[in-house]
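Colleague: Please find one structure pasted underneath; my questions will follow.
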Amino acid sequence: MSQALKSTAEGIRDSLPCSIELPAGTGKTELVAALVSAAQERGERVLILTHTNAGVDALRRRLRRFGVSRETSRVDTLAGWSFKLALSYPELSDLQVGHLPDWKDSNLYYIAAARAVRSSAIQHMLQESYSFVVIDEYQDCVVQQHALVVQIADVLPICVLGDRLQNIFSFGDNVTIRWSEHVVPRWQEFSTPNFPWRWHGHNIELGMWLIEIRSNLLNGEAIDLQNAPLVWVSDVHGGAVNACHSRAKSPGSTVAIGTFPSDCTQIASKLNGSYGMMEELQGKVMEKFAVIVDQGSTKNLAFETLEFAKRCSVGIPALLDSAIANKLKTGKPVSHLKRRGAEPQLAALDHLLSHTSPQDVYDALILLRDLKGVRTYRREAWRDMLRALRLASSDSGLTVRDAVVSIRYQTRSAGRPQEQRLVSRPLLVKGLEYDHAIVLNAADHDARSLYVALTRGRETLTVVSKDRYLMKDPAVV
Numbered sequence: 158m159s160q161a162l163k164s165t166a167e168g169i170r171d172s173l174p175c176s177i178e179l180p181a182g183t184g185k186t187e188l189v190a191a192l193v194s195a196a197q198e199r200g201e202r203v204l205i206l207t208h209t210n211a212g213v214d215a216l217r218r219r220l221r222r223f224g225v226s227r228e229t230s231r232v233d234t235l236a237g238w239s240f241k242l243a244l245s246y247p248e249l250s251d252l253q254v255g256h257l258p259d260w261k262d263s264n265l266y267y268i269a270a271a272r273a274v275r276s277s278a279i280q281h282m283l284q285e286s287y288s289f290v291v292i293d294e295y296q297d298c299v300v301q302q303h304a305l306v307v308q309i310a311d312v313l314p315i316c317v318l319g320d321r322l323q324n325i326f327s328f329g330d331n332v333t334i335r336w337s338e339h340v341v342p343r344w345q346e347f348s349t350p351n352f353p354w355r356w357h358g359h360n361i362e363l364g365m366w367l368i369e370i371r372s373n374l375l376n377g378e379a380i381d382l383q384n385a386p387l388v389w390v391s392d393v394h395g396g397a398v399n400a401c402h403s404r405a406k407s408p409g410s411t412v413a414i415g416t417f418p419s420d421c422t423q424i425a426s427k428l429n430g431s432y433g434m435m436e437e438l439q440g441k442v443m444e445k446f447a448v449i450v451d452q453g454s455t456k457n458l459a460f461e462t463l464e465f466a467k468r469c470s471v472g473i474p475a476l477l478d479s480a481i482a483n484k485l486k487t488g489k490p491v492s493h494l495k496r497r498g499a500e501p502q503l504a505a506l507d508h509l510l511s512h513t514s515p516q517d518v519y520d521a522l523i524l525l526r527d528l529k530g531v532r533t534y535r536r537e538a539w540r541d542m543l544r545a546l547r548l549a550s551s552d553s554g555l556t557v558r559d560a561v562v563s564i565r566y567q568t569r570s571a572g573r574p575q576e577q578r579l580v581s582r583p584l585l586v587k588g589l590e591y592d593h594a595i596v597l598n599a600a601d602h603d604a605r606s607l608y609v610a611l612t613r614g615r616e617t618l619t620v621v622s623k624d625r626y627l628m629k630d631p632a633v634v
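Residue numbers for the sequence shown follow our numbering, so the first one is 158 and each next one is one higher.
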């Protein structure tokens, strides 16, 4: 740890309670680790709360690198910590929970945890256990989490860190805090230098530019792409597809970032399997198909199996065309139709008209994958669906849907397998970094979503847009 970083960390400790706002890629995780290291030197213990298991893992790795012992800190997600508190103190939290969490009830866990923290017993426990608390990625807090943190802050000194421009999770019932409303009036700001560490040794000019344009995004001012340290591709005549193909052979990892799930599916299908597609953690595509398999209906299982394979890959309609799909949709056999090279696949689909076990579906999917010219691009969905079918085949008491839910829970905890080239969305890649980033349909992103997309690539950035100037409404933060 440099002397400058150590001094900054000690300054933060002496300034608690406080808030720190840092742009993407400017060393927030490093700063948290330095702060906890400074606490360790003082014989203190720290509670660190963040939002995702990936964030927990990243913090733990950085703490180990700084020589921080496991006894010095506890790192957890806000949801996990709240659930454990409610589970351990049902009377104080006024909530009865099972031994396994249901994350759809997370807001109930936050409310229950806040209720428990209001009790003198939990306050005493917190004061005996920790010297102060760190909350990371505070811009992602929903209002129920904020209410919990306010309760904790009445008990212990607190440091909240985040970036208002990366607040992209506010939609529907998921109402996140506003930095200017919930943070600025409550916790004094501790200012730190902004240096683009993510781009240091890779593309420092790009990193500095990304810091400079924050004011444009916050104030609704135009961003000139032509004079920026990036590649601007005009969004005409297949510009997005060409941009992805041109970056496909670059060494290192590449992410192409769309706006909506439909955008990502469309562009990934046009790339012929050279890019995979990242799925949301719930795995809605897999779960929907799993429910159909569990129903075991001979009327539609063959058709839905073919449709799932088509949703995950390219090349199937070349051999199994609409005539095949239409017959299967009405429950009619297809193996008598002439489709040279697809005879085993047609027989397997016919088999599903009368045999509907998970193993039968698995066998049919494997055969569909092996069709000549077929390339899978939704590899994550495909892989997890096959795993779920195998698990359900080997355990008669396990439904395919429950197997999918279990597999996706493991993904939430352990992370996804690495892919060198991916199509994704800001909601799924926030907090991740890649060597190369391609922002697709840049005009369709709002200011905050655009900022998250622009800051993912550390070596190169390609922006696909019809206009050289990007104009956004001021970010509401």
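Every residue gets a Cβ at the ideal spot worked out from N, C-alpha and C, and that includes glycine.
DSSP puts H281 in a beta bridge; with which residues?
Modeller: DSSP lists no partner for H281.
Colleague: Compare the C-alpha of L235 against each of R221, P180, V299 and name the closest.
Modeller: Selected option, being the one with the closest Cα: V299.
Colleague: Buried or exposed for M542, please, with buried defined as at least 16 other CB atoms from any protein chain shown within 10 angstroms of its CB.
Modeller: Looking at its Cβ environment, which holds 16 or more other Cβ atoms inside 10 Å, M542 is buried.
Colleague: How about V341: is its C-beta nearer than 8 Å to some C-beta of chain B?
Modeller: Although the question refers to chain B, the structure presented lacks it and comprises just one protein chain.
Colleague: How long is the line joining the alpha carbons of N264 and R625, rounded to whole angstroms?
Modeller: If I take the Cα positions, the gap works out to 42 Å.
Colleague: In terms of alpha-carbon separation, which member of I523, A538, E537 lies closest to V531?
Modeller: Checking every option, the nearest Cα to that of V531 belongs to I523.
Colleague: Could you tell me which of S276, G430, I292 sits nearest to L204, measuring between CA atoms?
Modeller: If we check each option's Cα against that of L204, I292 comes out closest.
Colleague: Would you kindly work out how many angstroms separate the C-alpha atoms of S426 and Q502, rounded to a whole number?
Modeller: Rounded to the nearest angstrom, the two C-alpha atoms are 22 Å apart.
Colleague: Check the C-beta distance from A459 over to L494 and give it rounded, since I have them as a contact under 8 Å.
Modeller: That belief does not hold up - the Cβ atoms of A459 and L494 are roughly 13 Å apart, past 8 Å.
Colleague: Excluding five sequence neighbours on each side, which residues of the same chain lie with their C-beta closer than 7 Å to the C-beta of R404?
Modeller: Contacts found: T411, H593, I595, T619.
Colleague: So V609 packs on Q323, CB below 8 Å; how close in whole Å?
Modeller: Yes, V609 and Q323 are in contact; Cβ-Cβ is about 6 Å, under 8 Å.
Colleague: Say whether the region 340-352 touches the region 573-583, bearing in mind that this needs 3 or more beta-carbon pairs closer than 8 Å, one atom from each stretch.
Modeller: Short answer: they don't touch.
Colleague: Pull up the distance between the alpha-carbon of I414 and that of A211, whole angstroms please.
Modeller: Distance between the alpha carbons of I414 and A211 is about 20 Å.
Colleague: Unbroken alpha helix (DSSP H) runs of length 4 or more, entirely within the region 597-626: which are they?
Modeller: With a minimum length of 4 residues, the continuous alpha helix (DSSP H) runs that stay inside the region 597-626 are 604-611.
Colleague: Run through the DSSP bridge pairs and tell me what R540 is partnered with.
Modeller: According to DSSP, R540 bridges with nothing at all.
Colleague: With respect to the beta strand (DSSP E) encompassing R103, which residues constitute its N-terminal and C-terminal limits?
Modeller: Outside the displayed span of the chain (158 to 634) sits residue 103, for which this structure offers no information.
Colleague: So, L585 versus E437, is the Cβ gap smaller than 8 Å?
Modeller: Yes, they are a contact pair.
Colleague: Between L597, T462, R573, which has its C-alpha nearest D420's C-alpha?
Modeller: That would be L597, whose Cα lies nearest to the Cα of D420.
Colleague: Under the rule that 16 or more other beta-carbon atoms within 10 Å means buried, what is P515, buried or exposed?
Modeller: The residue in question, P515, is buried, as its Cβ has 16 or more Cβ neighbours within 10 Å.
Colleague: I'd like to confirm the pairing. Which residues does DSSP put opposite S635 in its beta bridges?
Modeller: A question about residue 635 goes unanswered here, because the residues of the chain that appear run from 158 up to 634.
Colleague: If you reduce the DSSP assignment to three classes, tell me which class N264 lands in.
Modeller: Helix, per DSSP.
Colleague: If L428 sits next to V448, beta carbons under 8 Å apart, how far is it from one beta carbon to the other, in whole angstroms?
Modeller: Contact flag wrong, Cβ pair sits at about 29 Å.
Colleague: Report the residue from S551, G168, R544, E576 whose alpha carbon sits nearest the alpha carbon of V562.
Modeller: Cα-wise, what sits closest to V562 is R544.
Colleague: Among the residues of its own chain, which have a CB less than 7 Å from the CB of Y266, if the five just before and after it don't count?
Modeller: If we look at Y266 and ignore the five residues flanking it on each side, its Cβ neighbours are A236, S239, F240, A243.
Colleague: Can you have a look at R475 and say buried or exposed, based on whether 16 or more other CB atoms are within 10 angstroms of its CB?
Modeller: According to the sequence provided, residue 475 is Ala. The question's Arg does not apply to it. With fewer than 16 Cβ atoms within 10 Å of its Cβ, A475 is classed as exposed.
Colleague: With the cut-off set at 8 Å, would you say I380 and I370 are in Cβ contact?
Modeller: A contact, by the Cβ cut-off of 8 Å.
Colleague: How far does the beta strand (DSSP E) with L509 in it reach, from first residue to last?
Modeller: No beta strand (DSSP E) contains L509, which DSSP labels as neither H nor E.
Colleague: Specify, as a first and last residue, the run of the beta strand (DSSP E) that R231 falls within.
Modeller: Here the beta strand (DSSP E) through R231 covers 230-234.
Colleague: Could you tell me whether the Cβ atoms of G319 and E294 are closer together than 8 Å?
Modeller: Contact: yes.
Colleague: Once DSSP output is grouped into helix, strand and coil, what is the label at N331?
Modeller: Here N331 sits in strand by DSSP.
Colleague: Run through the DSSP bridge pairs and tell me what S176 is partnered with.
Modeller: Beta-bridge pairing links S176 to V317, E346.
Colleague: Below 6 Å CB to CB, which residues in the same chain sit around R536 once its five sequence neighbours on both sides are set aside?
Modeller: Result list for R536: G433, in chain order.
Colleague: Could you tell me the distance, in whole angstroms, from the CA atom of V317 to the CA atom of S176?
Modeller: Each residue's Cα considered, the two are about 5 Å apart.
Colleague: Would you call Q657 buried or exposed, if buried means 16 or more other Cβ atoms sit within 10 Å of its Cβ?
Modeller: Since the first residue shown for the chain is 158 and the last is 634, residue 657 is missing from the structure and cannot be characterised.
Colleague: Skipping 5 residues on each side, what residues in its chain have a beta carbon closer than 7 Å to that of R355?
Modeller: Contacts found: G182, G364, E590, R615.
Colleague: Report the three-state DSSP secondary structure of L428 (helix, strand or coil).
Modeller: Of the three classes helix, strand and coil, the one that applies to L428 here is coil, per DSSP.
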